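Here is the structure we will look at.
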Amino acid sequence: MSGRHSKHDLESTRDDDALRDLEKKWTDSPARALRWHKDLDVRGLDCNSAPGYDGDKSDGEELVAAHADELSELQERLFADGRSGGTRSVLLILQGLDTAGKGGIVRHVVGLVDPQGVMHRAFGVPTAEEASHGYLWRIRNALPRPGYIGVFDRSHYEQVLVVRVDGLEPEETWRAHYDEINAFESELAAAGTTIVKVAMFVSKDEQKARLAERLDRPDKYWKYNPGDLKTRARFGDYLDAYQEMLERTSTDVAPWHVVPADKKWFARLAVTELLLGALRALDLGWPPADFDVEEQKTLLAES
Ligand code: AMP
Ligand code: MG
Numbered sequence: 001m002s003g004r005h006s007k008h009d010l011e012s013t014r015d016d017d018a019l020r021d022l023e024k025k026w027t028d029s030p031a032r033a034l035r036w037h038k039d040l041d042v043r044g045l046d047c048n049s050a051p052g053y054d055g056d057k058s059d060g061e062e063l064v065a066a067h068a069d070e071l072s073e074l075q076e077r078l079f080a081d082g083r084s085g086g087t088r089s090v091l092l093i094l095q096g097l098d099t100a101g102k103g104g105i106v107r108h109v110v111g112l113v114d115p116q117g118v119m120h121r122a123f124g125v126p127t128a129e130e131a132s133h134g135y136l137w138r139i140r141n142a143l144p145r146p147g148y149i150g151v152f153d154r155s156h157y158e159q160v161l162v163v164r165v166d167g168l169e170p171e172e173t174w175r176a177h178y179d180e181i182n183a184f185e186s187e188l189a190a191a192g193t194t195i196v197k198v199a200m201f202v203s204k205d206e207q208k209a210r211l212a213e214r215l216d217r218p219d220k221y222w223k224y225n226p227g228d229l230k231t232r233a234r235f236g237d238y239l240d241a242y243q244e245m246l247e248r249t250s251t252d253v254a255p256w257h258v259v260p261a262d263k264k265w266f267a268r269l270a271v272t273e274l275l276l277g278a279l280r281a282l283d284l285g286w287p288p289a290d291f292d293v294e295e296q297k298t299l300l301a302e303s
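Following full-length UniProt numbering from start to finish, the sequence shown increments by one per residue and tops out at 303.
Next comes the structure, spelled out in structure tokens:
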């Protein structure tokens, strides 16, 4: 008995040491290292970099795997809190050009937690019904309920990105969205939603390689959209739009994080760590029983 226990303790000490070594590859906290700041111009970003991180691909993948259990447990605590009358939720907003890897984040990072606790939504060209309402209508309808992690693959930010670049609204209209979005997000945060905003940046060369792969592999044709070349032709205009979006909408209640995404493993590590940090900061325990545990044990034993 005691032998088994000490072996177990030894193993978990070894695991803890290994985890600490993996965590130490971050030279700064992920949230701090990745947070947008006013000197960061994404038009000069090295998309192949790994800000704040010293490890390599296998270190990064190991850390994601090592953090999966904690991520999953914290998500369950959030869910339990929501079931017990809590008001908190988390909203992960993913923005990035085609091939930046937004879908990969959903699969590999969000996929680490119980899908029952996730409200995922991808936003495409507005449908006729969506277009008949204000641009925040479909966003409000997709917000996570208390206890849930909401995930937006694209978001209300398209209204200052594609809408600006393609001239879908007059400049004075889309420019007004910055303040509207800030007001909207601060209302959300005040109601209990932790907003985690992630802008993923793929370089123009890497985007070409990823699009080429989609054209080379029959199992990837479905991801290819001839319209992506139109977007690609406006790459520089998109970066201008992204830069101003960061400047105008990175706020204290809902700061932007900039994630270089040419290394898929780094982007996945970065978002895992940002999501984990947001859940840790909620500092949730398990809700207490709202029944008499001993009485229920007795009743169960007698049943
Ligand atoms: P995908 O994410 O590859 O399915 O592509 C979705 C497309 O929908 C992208 O080309 C977006 O730019 C476009 N889209 C998303 N939101 C809007 C919007 N509010 N207005 C116009 N186009 C949008
Ligand atoms: Mg696409």
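Here a beta-carbon is modelled for each residue, glycine too, at the ideal position from N, C-alpha and C.
What you are looking at is a predicted structure, and each value in this text was computed from that prediction instead of being measured.
Boundaries cannot be given for Asp292, as no beta strand (DSSP E) includes it and DSSP labels it neither H nor E. For Ala142, the secondary structure class from DSSP, reduced to helix, strand or coil, is coil. Annotated as proximal: Arg121 and Ala142, with beta-carbon spacing under 8 Å. Listed by position in the chain, the residues whose beta carbon lies within less than 7 Å of some heavy atom of ligand 2 are Asp98, Lys223, Asn225, Asp228.
Taking non-hydrogen atoms of ligand 1 into account, the C-beta of Gly104 is found less than 7 Å away from none of them. Within 7 Å of the C-beta of Arg210 there is not a single heavy atom belonging to ligand 1.
Residue environment: Ala267 is assigned as buried (16 or more neighbouring CB atoms within 10 Å of its CB, all protein chains considered).
Here the alpha carbon of Leu188 sits roughly 10 Å from the alpha carbon of Val253. Excluding its 5 nearest sequence neighbours in each direction, Arg210 has C-beta neighbours in its own chain below 6 Å: Thr99, listed in chain order. A direct Cα-to-Cα measurement between Ala190 and Val196 gives close to 14 Å.
One thing to note: Gly104 has its Cβ no nearer than 8 Å to the Cβ of Trp265. By the Cβ neighbour-count rule, Val293 is exposed, with fewer than 16 other Cβ atoms within 10 Å of its own.
A direct Cα-Cα distance of roughly 29 Å separates Pro255 from Ser84. Residues Lys38 of the same chain have their beta carbon placed closer than 8 Å to that of Glu247, with the five preceding and five following residues left out of the count. DSSP places Arg175 in the helix class (H, G or I) of the three-state scheme.
Around the CB of Lys208, fewer than 16 other CB atoms lie within 10 Å, so the residue is classed as exposed. Bridge pairing for Lys197: Ile93, Trp256 [DSSP]. About 6 Å separates the beta carbon of Pro260 from that of Leu45, a gap short enough to meet the 8 Å contact definition.
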